[in-house]
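Novice: Below: one structure in structure tokens.
There are 2 protein chains.
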Amino acid sequence: MTTIRPEPLTAAAFVPFGDVLEATGTPDRMINEGLCARFHDRARLDFGPGGRPGISIFRAEPRSLPLTLSMVERHPDGSQAFIPMDAHPFLVVVAPDRGGTPGTPRAFLTAPYQGINLHRGTWHGVLSPLHPPGIFAVIDRIGDTPNLQEHRFRTAYQITT
Amino acid sequence: MTTIRPEPLTAAAFVPFGDVLEATGTPDRMINEGLCARFHDRARLDFGPGGRPGISIFRAEPRSLPLTLSMVERHPDGSQAFIPMDAHPFLVVVAPDRGGTPGTPRAFLTAPYQGINLHRGTWHGVLSPLHPPGIFAVIDRIGDTPNLQEHRFRTAYQITT
Numbered sequence: 159m160t161t162i163r164p165e166p167l168t169a170a171a172f173v174p175f176g177d178v179l180e181a182t183g184t185p186d187r188m189i190n191e192g193l194c195a196r197f198h199d200r201a202r203l204d205f206g207p208g209g210r211p212g213i214s215i216f217r218a219e220p221r222s223l224p225l226t227l228s229m230v231e232r233h234p235d236g237s238q239a240f241i242p243m244d245a246h247p248f249l250v251v252v253a254p255d256r257g258g259t260p261g262t263p264r265a266f267l268t269a270p271y272q273g274i275n276l277h278r279g280t281w282h283g284v285l286s287p288l289h290p291p292g293i294f295a296v297i298d299r300i301g302d303t304p305n306l307q308e309h310r311f312r313t314a315y316q317i318t319t
Numbered sequence: 159m160t161t162i163r164p165e166p167l168t169a170a171a172f173v174p175f176g177d178v179l180e181a182t183g184t185p186d187r188m189i190n191e192g193l194c195a196r197f198h199d200r201a202r203l204d205f206g207p208g209g210r211p212g213i214s215i216f217r218a219e220p221r222s223l224p225l226t227l228s229m230v231e232r233h234p235d236g237s238q239a240f241i242p243m244d245a246h247p248f249l250v251v252v253a254p255d256r257g258g259t260p261g262t263p264r265a266f267l268t269a270p271y272q273g274i275n276l277h278r279g280t281w282h283g284v285l286s287p288l289h290p291p292g293i294f295a296v297i298d299r300i301g302d303t304p305n306l307q308e309h310r311f312r313t314a315y316q317i318t319t
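Sequence lines, in order, name chains A and B.
Using this note's numbering, you'd call the opening residue of the first sequence number 159 and step up by one each time.
Using this note's numbering, you'd call the opening residue of the second sequence number 159 and step up by one each time.
As structure tokens, then:
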């Protein structure tokens, strides 16, 4: 079984997969009489034809490492953002697309105060908090299509610490 | 100076102003082979003509109570959701509209794992975390209009503990 070691999540490393949502660098503007920094419009949202954006709340079972990764999924019709509602790191698993199926996955460990936006069609593992209660706000496509493709790996990967 | 005491934030009390984004009640569906509860499409989003949704990150100076409330603002062209990226409570100030100006404000104190979505045009106070670093994901309208009205109260209110 191939093992994958999580990398720290950075915007540069995550470019092929999506956006890192965080308060870094120079704010785009100061609002509220200088009391609030706005890092403006940081996600490439795309809800496709016939879709609209929605905010849902996910509560996922915490996982722990090492973790067996046997499948990934993707949403062909829309982007999907995950905003953690506490400051615990969580695990992000993504994979490049290789002609319609996922290539070798990569794993990232978030820092406190990082969220992500997966670009439309990005292969990814299921939501994997590492601490309870695992509550996230999710901004994704509301629509009538199934908007889900799953891929089960012939041989599972193991994500280690 | 009129004093206002914060109420606990509940969905029922917040109906006139917006949506409470939280994982309560029965999930709308279970996903990821039963490992994740989805509370589906919980915000009334409205980005108006010529607008589109965006995700921005706000980092606001923490405030403390008692707090002097001298003004509120509203965004006539779009809804605005605030998702705290840690589990600290924050202060939410809103006011009903009375013919184009705000009526008497109300204050709410969130519980951990609660976010809010202010409906389009709702009068509200500026983002008021009570703990550092005060980082929130904000889902609001990206567009070319000013989308901001401010109202300064003739007499300020004091929000107490």
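Glycine included, every Cβ here is placed at the ideal spot set by N, Cα and C.
Since the model is a prediction, treat every value here as computed from it, not as a measurement.
Verify whether the separation of the beta carbon atoms of phenylalanine 216 of chain B and glycine 236 of chain B is less than 8 Å.
Specialist: Looking up residue 216 of chain B in the second sequence gives position 58. Looking up residue 236 of chain B in the second sequence gives position 78. No.
Novice: Rounded to a whole number of angstroms, what is the C-alpha to C-alpha distance between leucine 194 of chain B and phenylalanine 172 of chain B?
Specialist: As a first step, residue 194 of chain B must be located in the second sequence, where it is residue number 36. As a first step, residue 172 of chain B must be located in the second sequence, where it is residue number 14. The sequence shown places cysteine at residue 194 of chain B, not leucine. Cysteine 194 of chain B and phenylalanine 172 of chain B: Cα-Cα distance of roughly 27 Å.
Novice: Between arginine 210 of chain A and the rest of its own chain, which residues show a CB-CB distance below 8 Å, the 5 nearest in sequence each way excluded?
Specialist: Indexing the first sequence from 1 puts residue 210 of chain A at position 52. Excluding residues within five positions, the ones whose Cβ falls inside 8 Å are Arg299, Ile300 and Gly301.
Novice: Could you tell me which whole alpha helix (DSSP H) segments of length 4 or greater appear in the stretch 167–191 of chain B?
Specialist: For the stretch 167–191 of chain B, whole alpha helix (DSSP H) runs of length 4 or above, ordered along the chain, are 169–172.
Novice: What residue range is occupied by the uninterrupted beta strand (DSSP E) comprising glutamine 307 of chain A?
Specialist: Position 149 of the first sequence, counted from the start, is the residue given in the question as residue 307 of chain A. Counting along the chain, the beta strand (DSSP E) containing glutamine 307 of chain A begins and ends at 307–317.
Novice: My output table needs one value for alanine 195 of chain B: the three-state DSSP class, helix, strand or coil.
Specialist: Position 37 of the second sequence holds residue 195 of chain B. Correct three-state label for alanine 195 of chain B: strand.
Novice: Contact defined as beta carbons within less than 8 Å: I believe proline 220 of chain A pairs with histidine 289 of chain A. What is the distance between those atoms, to the nearest angstrom?
Specialist: Your numbering for residue 220 of chain A matches position 62 in the first sequence. Your numbering for residue 289 of chain A matches position 131 in the first sequence. Indeed, because the Cβ distance is near 6 Å, the residues count as touching under 8 Å.
Novice: Could you give the first and the last residue of the continuous beta strand (DSSP E) run that contains glycine 273 of chain B?
Specialist: Numbered from its first residue, the second sequence carries residue 273 of chain B at position 115. 273–276 is the span of the beta strand (DSSP E), which, as asked, contains glycine 273 of chain B.
Novice: Please report the Cβ distance between histidine 282 of chain B and glutamate 231 of chain B, rounded to the nearest whole angstrom; I am assuming they are in contact, meaning their Cβ atoms lie under 8 Å.
Specialist: Counting from one through the second sequence, the residue named residue 282 of chain B turns up at place 124. Counting from one through the second sequence, the residue named residue 231 of chain B turns up at place 73. Yes, they are in contact, since the Cβ atoms of histidine 282 of chain B and glutamate 231 of chain B sit about 7 Å apart, within 8 Å.
Novice: Have a look at aspartate 177 of chain B and threonine 160 of chain A and give me their C-alpha separation to the nearest angstrom.
Specialist: Here the question's residue 177 of chain B lines up with position 19 in the second sequence. Here the question's residue 160 of chain A lines up with position 2 in the first sequence. Roughly 45 Å separates the two Cα atoms.
Novice: Can you tell me the Cα-Cα spacing of threonine 313 of chain A and arginine 264 of chain A, whole angstroms?
Specialist: For the purposes of this step, residue 313 of chain A is identified with residue 155 of the first sequence, where counting begins at 1. For the purposes of this step, residue 264 of chain A is identified with residue 106 of the first sequence, where counting begins at 1. The alpha-carbon atoms of threonine 313 of chain A and arginine 264 of chain A are separated by roughly 15 Å.
Novice: For threonine 168 of chain B, which residues of its own chain have a beta-carbon under 8 Å away from its beta-carbon, when the five flanking residues on both sides are left out?
Specialist: On the second sequence, residue 168 of chain B is found 10 positions in, with the first residue counted as 1. Excluding sequence neighbours, threonine 168 of chain B sits near Val178.
Novice: Buried or exposed: where does proline 254 of chain A fall if 16 or more other Cβ atoms within 10 Å of its Cβ makes it buried?
Specialist: Indexing the first sequence from 1 puts residue 254 of chain A at position 96. Per the 10 Å Cβ criterion, exposed.
Novice: With DSSP as the reference, identify every bridge partner of glutamate 165 of chain A, one or two as the case may be.
Specialist: Counted from its first residue, the first sequence places residue 165 of chain A at position 7. According to DSSP, which records beta bridges pairwise, glutamate 165 of chain A is partnered with A/Phe266.
Novice: With burial defined as no fewer than 16 other Cβ atoms inside 10 Å of the residue's Cβ, what is the status of methionine 188 of chain B: buried or exposed?
Specialist: The residue labelled residue 188 of chain B in the question sits at position 30 within the second sequence. That one is exposed.
Novice: Return yes when the Cβ of isoleucine 241 of chain A is within less than 8 Å of the Cβ of tyrosine 271 of chain B, no when it is not.
Specialist: Looking up residue 271 of chain B in the second sequence gives position 113. Looking up residue 241 of chain A in the first sequence gives position 83. Cβ atoms of tyrosine 271 of chain B and isoleucine 241 of chain A: not closer than 8 Å.
Novice: What are the start and end residues of the beta strand (DSSP E) that includes leucine 249 of chain B?
Specialist: By one-based count along the second sequence, residue 249 of chain B stands at place 91. Segment 248–253, the beta strand (DSSP E) holding leucine 249 of chain B.
Novice: How about isoleucine 215 of chain A: is its C-beta nearer than 8 Å to some C-beta of chain B?
Specialist: Position 57 of the first sequence, counting from 1, holds the residue named residue 215 of chain A. Chain B, which has a Cβ nearer than 8 Å to the Cβ of isoleucine 215 of chain A, makes this yes.
Novice: What's the gap between the Cα of leucine 285 of chain A and the Cα of threonine 268 of chain A?
Specialist: Locating residue 285 of chain A in the first sequence gives position 127, counting from the first residue. Locating residue 268 of chain A in the first sequence gives position 110, counting from the first residue. If I take the Cα positions, the gap works out to 12 Å.
Novice: Between glutamate 165 of chain B and the rest of its own chain, which residues show a CB-CB distance below 8 Å, the 5 nearest in sequence each way excluded?
Specialist: As a first step, residue 165 of chain B is located in the second sequence; it is residue number 7 there, counting from the start. Ala171, Arg264, Ala265, Phe266 and Leu267, listed in sequence order.
Novice: Counting only beta-carbon separations shorter than 8 Å, does leucine 223 of chain A have a partner in chain B?
Specialist: Translated into positions along the first sequence, residue 223 of chain A becomes position 65. Not an interface residue.
Novice: Does tyrosine 315 of chain A get closer than 8 Å to chain B when you measure Cβ to Cβ?
Specialist: Working through the first sequence from its first residue, we reach residue 315 of chain A at position 157. Not one chain B Cβ lies under 8 Å of tyrosine 315 of chain A.
Novice: Can the beta-carbon of serine 214 of chain B be found closer than 8 Å to that of arginine 310 of chain B?
Specialist: In the second sequence, residue 214 of chain B corresponds to position 56, counting from 1. In the second sequence, residue 310 of chain B corresponds to position 152, counting from 1. Not in contact: serine 214 of chain B and arginine 310 of chain B (Cβ atoms no closer than 8 Å).
Novice: For chain A, is any of its Cβ atoms less than 8 Å away from the one on methionine 243 of chain B?
Specialist: One-based indexing of the second sequence puts residue 243 of chain B at position 85. Closer than 8 Å: yes.
Novice: Whole angstroms are fine: how far does the CA of histidine 198 of chain A sit from the CA of aspartate 186 of chain A?
Specialist: Residue 186 of chain A sits at position 28 when you count from the first residue of the first sequence. Residue 198 of chain A sits at position 40 when you count from the first residue of the first sequence. One C-alpha to the other measures close to 6 Å.
Novice: Considering just the uninterrupted stretch of the beta strand (DSSP E) at phenylalanine 240 of chain A, what are its terminal residues?
Specialist: Indexing the first sequence from 1 puts residue 240 of chain A at position 82. That run of the beta strand (DSSP E) goes 238–242.
Novice: Would you report the Cα separation of glutamate 308 of chain A and phenylalanine 175 of chain A, rounded to the nearest angstrom?
Specialist: Numbered from 1 along the first sequence, position 150 holds the residue referred to as residue 308 of chain A. Numbered from 1 along the first sequence, position 17 holds the residue referred to as residue 175 of chain A. Spanning the two alpha carbons is a distance of roughly 17 Å.
Novice: Examine chain B for any beta-carbon lying closer than 8 Å to the beta-carbon of asparagine 305 of chain A, and answer yes or no.
Specialist: Start at 1 with the first residue of the first sequence, and residue 305 of chain A comes out as number 147. Output row for asparagine 305 of chain A: interface = no.
Novice: Please confirm whether alanine 218 of chain A and isoleucine 274 of chain A have their CB atoms less than 8 Å apart.
Specialist: Here residue 218 of chain A refers to the residue found at position 60 of the first sequence. Here residue 274 of chain A refers to the residue found at position 116 of the first sequence. The answer is no: Cβ separation not under 8 Å.
Novice: When DSSP builds the beta bridges, which residues end up paired with glycine 212 of chain B?
Specialist: Translated into positions along the second sequence, residue 212 of chain B becomes position 54. According to DSSP, which records beta bridges pairwise, glycine 212 of chain B is partnered with B/Asp298.
Novice: Going along chain A, which residues have a C-beta under 8 Å from leucine 203 of chain B?
Specialist: Here residue 203 of chain B corresponds to residue number 45 of the second sequence, with the count starting at 1. Under the 8 Å cutoff, chain A gives Arg210, Pro211, Gly212 and Ile213.
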